[in-house]
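Chains as they are written, first to last, in our numbering: chain A, 132 to 676; chain B, 33 to 397. Glycine included, each C-beta is placed from N, C-alpha and C at the ideal position. The model shown is predicted, which means the values in this text are computed figures rather than measured ones. Please read the structure below before turning to the comments.
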Amino acid sequence: MTELTTERELTTERERVAGGLSTQPSPPPPAPRRRRQPLAAARNAWRQLTSMRTALLLLFLLALAAVPGAALPQRGLNPVQVADYFAAHPRLAPVLDRFSLFDVFAAPWFAAVYLLLFVSLVGCLGPRIRLHARALRARPPAAPQHLERLPHTAGWETEAAPQAAVAAARALLRRRRWRTDVRAEAGGGASLGAEKGYLRETGNLLFHVALVGLLVGVAMGGLFGYKGTRLLVAGDEASGSFTNTVTQYDDFHPGRLFSGSRLAPFAFVLDRFTASYQPSGEARQFIADVRYLPSAQGAGGRWRPYRLQVNHPLTVDGASVYLIGHGYAVHVTVRGADGRVALDQPVPFLPKDQNFTSVGAIKVPDARPAQLGFSGFLTPTTVATPSGLASAYPGLRVPRLTLLAYRGDLGLDSGRPQSVYQLSTGGLRRIQSKTLAPGQTWRLPGGGSLTFAGIDQWITVQVGSDPGNTPALAASGAILLGLVLSLRVRRRRLWVRAVPASDGGTAGRTVVSVGGLARTDTDAFAEEFAELVAALGRSADNPHH
Amino acid sequence: MPADATFGSLSNHLLVASMVAYSLAMLGFAAEFSFGRRSALTRVLDRGDSVPVRVAGPAPARVLVGSAGSESRSGSGFEVPAGSSGATSTLPAGPLPGRGAGRPGSEDAAGPPGRLGQAALALTVVGWAVHVGSVVARGFAAHRVPWGNMYEFSSMVALVAVTAFLVLAVRERVRYLGAFVLLPVVLYLGLAGTVLYVPAAPLVPALNSYWIKIHVVAAITATGTFMVSGVVIMLFLLRARYEDRVAAGRPAGVAALAHRLPSAAALDRTSYRVTAFAFPVWTFAVIAGAIWAEAAWGRYWGWDPKETWSFITWVVYAGYLHARTTAGWKGRRAAYLGLLGFAALMVDYYWINIGVSGLHSYSGV
Numbered sequence: 132m133t134e135l136t137t138e139r140e141l142t143t144e145r146e147r148v149a150g151g152l153s154t155q156p157s158p159p160p161p162a163p164r165r166r167r168q169p170l171a172a173a174r175n176a177w178r179q180l181t182s183m184r185t186a187l188l189l190l191f192l193l194a195l196a197a198v199p200g201a202a203l204p205q206r207g208l209n210p211v212q213v214a215d216y217f218a219a220h221p222r223l224a225p226v227l228d229r230f231s232l233f234d235v236f237a238a239p240w241f242a243a244v245y246l247l248l249f250v251s252l253v254g255c256l257g258p259r260i261r262l263h264a265r266a267l268r269a270r271p272p273a274a275p276q277h278l279e280r281l282p283h284t285a286g287w288e289t290e291a292a293p294q295a296a297v298a299a300a301r302a303l304l305r306r307r308r309w310r311t312d313v314r315a316e317a318g319g320g321a322s323l324g325a326e327k328g329y330l331r332e333t334g335n336l337l338f339h340v341a342l343v344g345l346l347v348g349v350a351m352g353g354l355f356g357y358k359g360t361r362l363l364v365a366g367d368e369a370s371g372s373f374t375n376t377v378t379q380y381d382d383f384h385p386g387r388l389f390s391g392s393r394l395a396p397f398a399f400v401l402d403r404f405t406a407s408y409q410p411s412g413e414a415r416q417f418i419a420d421v422r423y424l425p426s427a428q429g430a431g432g433r434w435r436p437y438r439l440q441v442n443h444p445l446t447v448d449g450a451s452v453y454l455i456g457h458g459y460a461v462h463v464t465v466r467g468a469d470g471r472v473a474l475d476q477p478v479p480f481l482p483k484d485q486n487f488t489s490v491g492a493i494k495v496p497d498a499r500p501a502q503l504g505f506s507g508f509l510t511p512t513t514v515a516t517p518s519g520l521a522s523a524y525p526g527l528r529v530p531r532l533t534l535l536a537y538r539g540d541l542g543l544d545s546g547r548p549q550s551v552y553q554l555s556t557g558g559l560r561r562i563q564s565k566t567l568a569p570g571q572t573w574r575l576p577g578g579g580s581l582t583f584a585g586i587d588q589w590i591t592v593q594v595g596s597d598p599g600n601t602p603a604l605a606a607s608g609a610i611l612l613g614l615v616l617s618l619r620v621r622r623r624r625l626w627v628r629a630v631p632a633s634d635g636g637t638a639g640r641t642v643v644s645v646g647g648l649a650r651t652d653t654d655a656f657a658e659e660f661a662e663l664v665a666a667l668g669r670s671a672d673n674p675h676h
Numbered sequence: 033m034p035a036d037a038t039f040g041s042l043s044n045h046l047l048v049a050s051m052v053a054y055s056l057a058m059l060g061f062a063a064e065f066s067f068g069r070r071s072a073l074t075r076v077l078d079r080g081d082s083v084p085v086r087v088a089g090p091a092p093a094r095v096l097v098g099s100a101g102s103e104s105r106s107g108s109g110f111e112v113p114a115g116s117s118g119a120t121s122t123l124p125a126g127p128l129p130g131r132g133a134g135r136p137g138s139e140d141a142a143g144p145p146g147r148l149g150q151a152a153l154a155l156t157v158v159g160w161a162v163h164v165g166s167v168v169a170r171g172f173a174a175h176r177v178p179w180g181n182m183y184e185f186s187s188m189v190a191l192v193a194v195t196a197f198l199v200l201a202v203r204e205r206v207r208y209l210g211a212f213v214l215l216p217v218v219l220y221l222g223l224a225g226t227v228l229y230v231p232a233a234p235l236v237p238a239l240n241s242y243w244i245k246i247h248v249v250a251a252i253t254a255t256g257t258f259m260v261s262g263v264v265i266m267l268f269l270l271r272a273r274y275e276d277r278v279a280a281g282r283p284a285g286v287a288a289l290a291h292r293l294p295s296a297a298a299l300d301r302t303s304y305r306v307t308a309f310a311f312p313v314w315t316f317a318v319i320a321g322a323i324w325a326e327a328a329w330g331r332y333w334g335w336d337p338k339e340t341w342s343f344i345t346w347v348v349y350a351g352y353l354h355a356r357t358t359a360g361w362k363g364r365r366a367a368y369l370g371l372l373g374f375a376a377l378m379v380d381y382y383w384i385n386i387g388v389s390g391l392h393s394y395s396g397v
């Protein structure tokens, strides 16, 4: 990542060996010793931080730091598993928690690692971009004194004059998009320096700049985006419709700099939900038929239908709506002992296993004279097992609702928050339990009744908007492009020197020597070199071709 | 449906047949590796060798072409081999050689090629073709792309690894790799056919997207080529140890196995080339996965265990590519990073899919 220091030093070192071929300025002389101490220390620390070794170490630390994020349950992903872990390891878990190991990706030490890495990256990108910009404008390097010391060499004699031979070589190389530079040499000779493959470093820099861009995109999403979930019951007017305002969410996570005005008040209604399963019980298809009203349409606007599916989110007013979960809601009608209907609505139950055994609670605060409560479970395809009723298939083949009835005080007025899926049984007295089929009515001892009217389906949708999406996607594209360029393009240099033949009987002839040097993938360059030499030989003899 | 069942069992039979072919080819490669001429296995080039390159030169003149032994260049900079003066040799002008045939080291092509190794290579091609048949039949059995669960994914990864080996074998002389690539391939397929096997079935809704053709294919391609790169890196480490021991005049021990391998520098170059292909593909797989995740789960990155390990794998391989060009990290240290990357990839694949509950629990096991 911060190849700069080491790579540049190595390159210049090598190029000194190769006969001063450097296109780049030699590294600045070391700062004078008499600088003030703190400043010198700071400069030294900065140099250390932006060195390749430090970057490698940080890269390695980043990988290491992410490991507990996969090995341990994370609160952000699955708080239930974290709770289970605490229950299973009561001693270890609090210690791990002290080091934020259940919130790794929000932990200060994780942020420290990646921020240091990015500082190190930015610190070396600046000088490196300057150097590359200079290299792009610089002339290709002059031919070294001893071309024959280069790893790839060739030579021949020709009738053409040295200048003509070099000019022909230049024309050929320019056609092949090499950058060339011709220099006159002492003794009537001429030489040509050529270089190709600058895109390698361009790609390299693009890759690293895009990494910073990706971080910016991610940060934008975290700061300005929002995300929330909402449960909707299909076909139910009250609990099946949604308007995009904060109060309509079951669960809402705004970004740190989010402002409520970003919520476009579109609306949608869940009309129908269909789930189909394979015989094995594995899911086959989930389809939620919704209608939605974009906010610009106003209340009297036209509702549009949409088929919401797992890989097909609905995009409306810059927000996206995803289908992220589903389950069953039991539709019950409950009458108090006074005979009046106290509850008539679908009550969502939470699926607990693959076959959608679903648990929940029915709270009837309006039942008179005493409040009623029911807790229990729904088995969509009911089978009897030694340990009680269970579900053998997620579809509704033999649905049964098993409930335990309570009477007394539900505790809803106590001010203590309670789950809608659980009864707080402190103020309640158990009456009776029963398993019901759809349509059955259960008359409770002591008055009141519960009718199991039917089963509805619910879905959970996630609504959100992430303004960082587009920047992150663009940065990802640039990362990939930069990566391919920096790994595929080869930087290579070629020199051609033509000098009048020494008076060894071949007066009037010109000796042409060619030398080549490749930074990477020298095997492939050997082929290219051989082919170039062949072409150069042809063009030298036929310069007007 | 009976047709599906027919295709399903055809696919299984073909897979077994390809495993048999691969196993026999592996034995052939191993025999050639042990008893054949080294020149049949790889290009014979030793440090400082100067090898003539045939180049078509201009007609009227002598052509002086030289190429310093490529073994002495690490390939990381514009460097000139120390100690070698790049001897040039005089060659008659000749036709421009085709790819591979006239490349450095072709002088050993004079002798009869190793029959055993060629038979093994032919057998590998047969196994490969049968393997392709197995994958296609599986697709017909399931009426969808044949990479929807871990069994199918494993089969595809092995297919890519064999393909990568064959491509390398066509482009350069890498028969020495044969046994070392086919061994993990056969083990991988064995594991897939026993532990991970599930009958053909439709996709779960989360996988039912055209992104499965993009993201998963990229992941398979990267995994298969990383597998080959891991094998070459291991051979590099073995050879580097051998060379060190020989240089120090100590007995080579287990590393003596490596005396028939190409030089450490050549192995290092091959591993880099394979990894430099696989890494961008892996990057693309992760990016495509993020785009798919955005459509399927409503966020492009959520630190799901799969995402986390893919990130770790990416970071470690990025470290490997950087380390190769960093003073003090070149050579063995970089190679260990490369192996670590492959280990991370295997954890990503087996442990995350089977052992950890996350959004990628598609193994069906």
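Is any beta-carbon of chain A found at less than 7 Å from that of residue i?
i, result
"A327(B)", "yes"
"W341(B)", "yes"
"P216(B)", "no"
"W13(B)", "Because chain B here runs from 33 to 397, residue 13(B) falls outside it and cannot be looked at."
"I244(B)", "no"
"H354(B)", "yes"
"F268(B)", "no"
"W335(B)", "yes"
"F316(B)", "yes"
Can you tell me which of the three DSSP states residue i falls into?
i, result
"R131(B)", "Residue placement at R131(B) is flagged as unreliable, the pLDDT there being 35, under the threshold of 50; the coordinate-derived value follows with that caveat. R131(B) falls in the coil class under three-state DSSP."
"T257(B)", "helix"
"W346(B)", "helix"
"H283(A)", "strand"
"G80(B)", "Residue placement at G80(B) cannot be trusted, given a pLDDT of 36 that sits under 50; what the coordinates show is reported in the next sentence. Coil, per DSSP."
"P312(B)", "helix"
"Q549(A)", "coil"
"V230(B)", "coil"
"P283(B)", "coil"
"S392(A)", "helix"
"K338(B)", "helix"
My assumption, with CB atoms under 8 Å, is that residue i sits in contact with residue j. Please give the rounded CB distance.
i, j, result
"H283(A)", "F660(A)", "4 Å"
"Q130(A)", "K358(A)", "Chain A is shown from 132 up to 676; residue 130(A) falls before or after that span and cannot be answered."
Can a CB atom of chain B be found closer than 7 Å to the CB of residue i?
i, result
"F373(A)", "no"
"M183(A)", "yes"
"A201(A)", "yes"
"S489(A)", "no"
"L180(A)", "no"
Could you tell me which chain A residues have their CB closer than 7 Å to the CB of residue i, listed as they occur along the chain?
i, result
"V236(B)", "E413 and A414"
"I344(B)", "A194, A197 and V198"
"V347(B)", "L190, L193 and A194"
Going by other Cβ atoms of all chains shown within 10 Å of its Cβ, with 16 needed for buried, is residue i buried or exposed?
i, result
"V551(A)", "exposed"
"N385(B)", "buried"
"T378(A)", "exposed"
"L267(A)", "exposed"
"K400(B)", "Residue coverage of chain B in this structure runs from 33 to 397, which leaves residue 400(B) outside it and unanswerable."
"K245(B)", "exposed"
"L47(B)", "buried"
Can you pull the chain A neighbours of residue i, defined as C-beta to C-beta under 8 Å?
i, result
"G360(B)", "R184"
Which residues of chain B have a Cβ atom closer than 9 Å to the Cβ of residue i, listed in chain order?
i, result
"Q588(A)", "Ordered by position in chain B, no residue passes the 9 Å Cβ test against Q588(A), which lies about 15 Å from the chain."
Starting from residue i, find everything on chain B with Cβ-Cβ shorter than 8 Å and list it in chain order.
i, result
"P548(A)", "Here the premise fails: no neighbours, minimum Cβ distance about 27 Å."
So residue i contacts chain B; which residues on that side make the cut at Cβ distance below 7 Å?
i, result
"S564(A)", "Under the 7 Å cutoff, chain B gives no residues; its nearest Cβ is about 32 Å from S564(A)."
Could you tell me whether any non-hydrogen atom of the ligand NAP is closer than 6 Å to the CB of residue i?
i, result
"H354(B)", "Only the bare structure without any ligand can be found here, which leaves the ligand NAP out of the picture."
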